[in-house]
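Q: What follows is a single structure, and I will ask about it in a moment.
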Ligand code: PGA
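In our numbering, the protein residues as written are 8 to 254.
Written out as structure tokens, the structure reads:
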């Protein structure tokens, strides 16, 4: 039985005052019988760590460099993330792939760098609307995951995978539980072929997850939790999703 994992992705939102309120409210609503993580903007990691002291909620970042250290202006290494207590980092989010031209290989290299420093990468994969309409969903997500499997070798059993159909992110359109489950099953089978740890790995669904649809999504056989954008910015909504994962 895989313990569910719910990850809040704040994206580029927040301020010191807003975050303090959000985290305090959130801390008061837990704990849940699920693993819960908030991935916050870099400048707020230290304060998030402090605000979550004594809570079971972990924190992480939304990206990391593939490099170790050195002349990479503006980048943040996974060594630094580990140094400030991050246990997770999102890599390959579709917004990074689309707006920063991140390739499958770069995403895989970032995942490798994170793992090397004990930070669990949450590797995002997902097809665009036109790829889905062209019947390419399976081939796209498999290609994205294959780069990571190839680069990590047997260590690929240590990652978290997040299936996020690009057309469902921030749009209010959610994949149906059946659509999501079908892709999760494909990803699980691909992981089975690569590692004997596939059945204990967590594959999250992301894309307009809300309090109202979370329970049904999370009840699917291969959906092990969610990567939550918009709804992670509201205490009540995120808490309700964490509760849905705890059942
Ligand atoms: P959303 O975002 O929940 O706002 O659709 C999910 C994500 O991009 O991780």
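All C-beta atoms in this analysis are idealised placements derived from N, C-alpha and C, irrespective of residue type, glycine included.
Please report the straight-line C-alpha distance between residue 278 and residue 112, rounded to a whole angstrom.
A: The requested residue 278 does not occur in the structure, where the chain is confined to residues 8 to 254.
Q: Can you tell which of 105, 128 and 170 has the C-alpha that lies nearest to the C-alpha of residue 229?
A: By one-based count along the chain shown, residue 229 stands at place 222. Closest by alpha carbon: 170.
Q: Could you tell me the alpha carbon to alpha carbon distance between residue 26 and residue 55, rounded to whole angstroms?
A: The residue you call residue 26 lines up with position 19 of the chain shown. The residue you call residue 55 lines up with position 48 of the chain shown. Their Cα atoms are separated by approximately 8 Å.
Q: Just mark residue 188 as buried or exposed, buried being the case when its beta carbon has 16 or more other beta carbons within 10 Å.
A: By 1-based counting over the chain shown, the position of residue 188 is 181. Burial call: buried.
Q: Taking Cβ positions, are residue 155 and residue 209 nearer each other than 8 Å?
A: For this step, residue 155 is matched to residue 148 along the chain shown. For this step, residue 209 is matched to residue 202 along the chain shown. Not a contact, by the Cβ cut-off of 8 Å.
Q: So, at 6 Å on beta carbons, what are the nonlocal neighbours of residue 158 in its own chain, with the 5 sequence-adjacent residues on each side left out?
A: Taking the first residue of the chain shown as position 1, residue 158 is located at position 151. Taken in chain order, the residues that qualify are 115 and 119.
Q: Which same chain residues, not among the five before or five after residue 135, have their C-beta less than 6 Å away from its C-beta?
A: Along the chain shown, read from residue 1 onward, the residue named residue 135 stands at position 128. If we look at residue 135 and ignore the five residues flanking it on each side, its Cβ neighbours are 173.
Q: Ends of the alpha helix (DSSP H) at residue 144?
A: Locating residue 144 in the chain shown gives position 137, where the first residue counts as 1. Looking at the DSSP string, the run of the alpha helix (DSSP H) that includes residue 144 is 144-159.
Q: So, is residue 128 buried or exposed, given that buried needs 16 or more other C-beta atoms within 10 angstroms?
A: Taking the first residue of the chain shown as position 1, residue 128 is located at position 121. Residue 128 comes out buried.
Q: With residue 180 as the anchor, note down where its alpha helix (DSSP H) starts and where it stops.
A: Numbered from its first residue, the chain shown carries residue 180 at position 173. Per DSSP, residue 180 belongs to no alpha helix (DSSP H) and is neither H nor E.
Q: Below 8 Å between beta carbons: does that hold for residue 34 and residue 59?
A: Locating residue 34 in the chain shown gives position 27, counting from the first residue. Locating residue 59 in the chain shown gives position 52, counting from the first residue. Taking 8 Å as the Cβ cut-off, residue 34 and residue 59 qualify as a contacting pair.
Q: Three or more beta-carbon pairs under 8 Å between the region 187-207 and the region 219-235, yes or no?
A: Contact holds: three or more Cβ-Cβ distances are below 8 Å.
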